[in-house]
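S.K.: Per our numbering, residue 4 is the first one in the sequence shown, and the count goes up by one each step.
Note that beta-carbon positions come from the ideal geometry of N, C-alpha and C, so glycine has one too.
Structure provided below as structure tokens; questions to follow.
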Amino acid sequence: MAKVGIVMGSDSDMPVMSKAADMLEKFGIDYEMTIISAHREPDVFFEYAKSAEEKGFKVIIAGAGMAAHLPGMCAAIFPMPVIGIPMHTTSLGGRDSLYSIVQMPTGIPVATVAINGGANAGILAAKILATSDPELLEKLKAYSQQMKEEVVAKDRKLQEVGYKNYTK
């Protein structure tokens, strides 16, 4: 059973949303991914958000651009955490999406990651689930340790070869 719902308003969001899915897969978390436009098919959207809890979702990751109502509407209906991903837009560089998602009214919170922050949305969903899953928590700790070791190795290389030879 999927623990995370990944929903996007358009297939143009797929490159970003797939990064969230990749992170969930890395941690062994089941998810369901779908495309639903809150504006173009509101009846389908409402059914999705209302049935998410029954499906067993513990978190929804919702990505949208421009007016970006999808994450906020998910949060208004779904009683558990919603993570919003603002999409980069050509007209305002994603600031429109970001503001639409972070400026939610009291009582309807949406945890928001960076513009096009699909990977961090997946990691945040994993961290939320890890609060009640010790095995997942250990996977997250190992992932953090791996990132630390990668940075240490890069610095070691820089110190050994100097900056002029670092990328050669």
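Measure the Cβ-Cβ separation of I86 and V105 and say whether it is below 8 Å.
M.R.: For the purposes of this step, residue 86 is taken as residue 83 along the sequence shown, with counting starting at 1. For the purposes of this step, residue 105 is taken as residue 102 along the sequence shown, with counting starting at 1. Contact: no.
S.K.: Could you say which of S21, D16, M11 lies nearest to I126 if we only look at CA atoms?
M.R.: Here the question's residue 126 lines up with position 123 in the sequence shown. Here the closest residue by C-alpha is S21.
S.K.: Per DSSP, what kind of secondary structure is M36 in: helix, strand or coil?
M.R.: Translated into positions along the sequence shown, residue 36 becomes position 33. In the three-state DSSP reduction, M36 falls in the strand class (E or B).
S.K.: What are the boundary residues of the beta strand (DSSP E) that V10 is part of?
M.R.: Here residue 10 refers to the residue found at position 7 of the sequence shown. Element bounds for V10: 7-11.
S.K.: Rank A114, Y51, G12 by C-alpha distance to the C-alpha of R43 and give the top, closest one.
M.R.: Taking the first residue of the sequence shown as 1, we reach residue 43 at position 40. The shortest C-alpha to C-alpha distance from R43 to any of A114, Y51, G12 is the one to G12.
S.K.: Could you tell me the boundaries of the alpha helix (DSSP H) in which V155 lies?
M.R.: The residue labelled residue 155 in the question sits at position 152 within the sequence shown. Counting along the chain, the alpha helix (DSSP H) containing V155 begins and ends at 137-164.
S.K.: Is it true that the CB of T92 sits closer than 8 Å to the CB of T107?
M.R.: In the sequence shown, counting from the first residue as 1, residue 107 sits at position 104. In the sequence shown, counting from the first residue as 1, residue 92 sits at position 89. Strictly speaking, residue 107 in this sequence is Met, with Thr absent from that position. Contact flag unset, no.
S.K.: Using DSSP bridges, identify the partner residues of Y89.
M.R.: Mapped onto the sequence shown, residue 89 falls at position 86. Checking the sequence, you will find Pro at residue 89 rather than Tyr. Looking at the DSSP assignment, P89 forms a beta bridge with A67.
S.K.: Hey, quick one: how far does the alpha helix (DSSP H) through K130 stretch, first residue to last?
M.R.: If you number the sequence shown from 1, residue 130 lands on position 127. Element bounds for K130: 121-133.
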